[in-house]
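Using mature numbering (1 follows the signal peptide of the UniProt record, and there is no 0), the letters of the sequence shown map in sequence onto residues -19 to -1, 1 to 167.
Let me begin by presenting the structure, written as structure tokens, before commenting on it.
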Amino acid sequence: MWYHRSILLIPALFLYVQAREILGPVSYEIENMRACDIKTNGKMVYDNVRVSRYNISTYILSGSVVLNTEFNDNMKVVISTNVWMNGAWRPTIFQRTLSKPCTLMTTFVPVFVEKIMTQILSEHQDFTCPIKPAIFNLIDFPVTVPDLPIPIPVPKGRYRVQLKILEDDEMIGCGEVIVMVDPKLN
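Here is the structure:
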């Protein structure tokens, strides 16, 4: 019956609202961005990628990404999140697999993609999928991190977000971002 499910929804909604009031809005700061410590097949190589904070919402990226294969919609991206506790990364607390990563990138972050493409290409051209093999040299590349509305309360802590890029279920590249989350930074 539908009303049995709605009875469970009311306490869940109450707990969510209470937790949101206790924790408040969540702020985050990127600590590091790098290649994962996981062995890949070398089709995507991160070389000396560094991130530094410029101001509260802007970071400066430097380094190279070598793409030795075509980046297309036949690939998948697996996003997984771990939390740092007691001196080690704990098992995955969140994981999601996204299909059609090239289209997702051009749809959701077109300005970022256009900035990268105009920096590495000598002449401006329209960006379309797939991305051809290339060396992406990022030299003092500014990235503005949007204020992401996180839909659930997240406890204060250090988190690792890994993006694993798969082609035919084989990992071709893996990058990770280390983020400090603090509900009280606002």
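A virtual CB, placed ideally from N, CA and C, is assigned to each residue, including glycine.
Nothing here was measured: the structure is a model prediction, and the numbers come from that model.
Query                                                                                                                                   : Result
Cut-off 6 angstroms between Cβ atoms - residues of its own chain near arginine 31, not counting five sequence neighbours on either side : Ser43, Gly44
Assigned exposure category for methionine 66 - 16 Cβ within 10 Å defines buried                                                         : exposed
Distance, methionine 25 Cα to isoleucine 153 Cα                                                                                         : 6 angstroms
Residues that DSSP places opposite serine 80 in a beta bridge                                                                           : Lys57
Nearest neighbour of cysteine 83, chosen from Thr109, Thr50, Thr21 [CA to CA]                                                           : Thr109
Cβ neighbour criterion (16 or more within 10 Å) applied to isoleucine 37                                                                : exposed
Where isoleucine 146 falls: helix, strand or coil (DSSP)                                                                                : strand
Euclidean distance between Cα positions of methionine 56 and valine 124                                                                 : 25 angstroms
Among Phe52, Ser61, Met86, Gly156, nearest to asparagine 29 - alpha-carbon criterion                                                    : Gly156
For proline 91, the three-state DSSP class (helix, strand or coil)                                                                      : helix
Isoleucine 146 classed as buried or exposed, judged by whether at least 16 other C-beta atoms fall within 10 angstroms                  : buried
For serine 8 and asparagine 63, the rounded distance between their alpha carbons                                                        : 17 angstroms
Euclidean distance between Cα positions of isoleucine 41 and glutamate 151                                                              : 31 angstroms
Check whether valine 158 and valine 135 have beta carbons under 8 angstroms apart                                                       : no
Alpha-carbon spacing of valine 160 relative to lysine 113, whole angstroms                                                              : 30 angstroms
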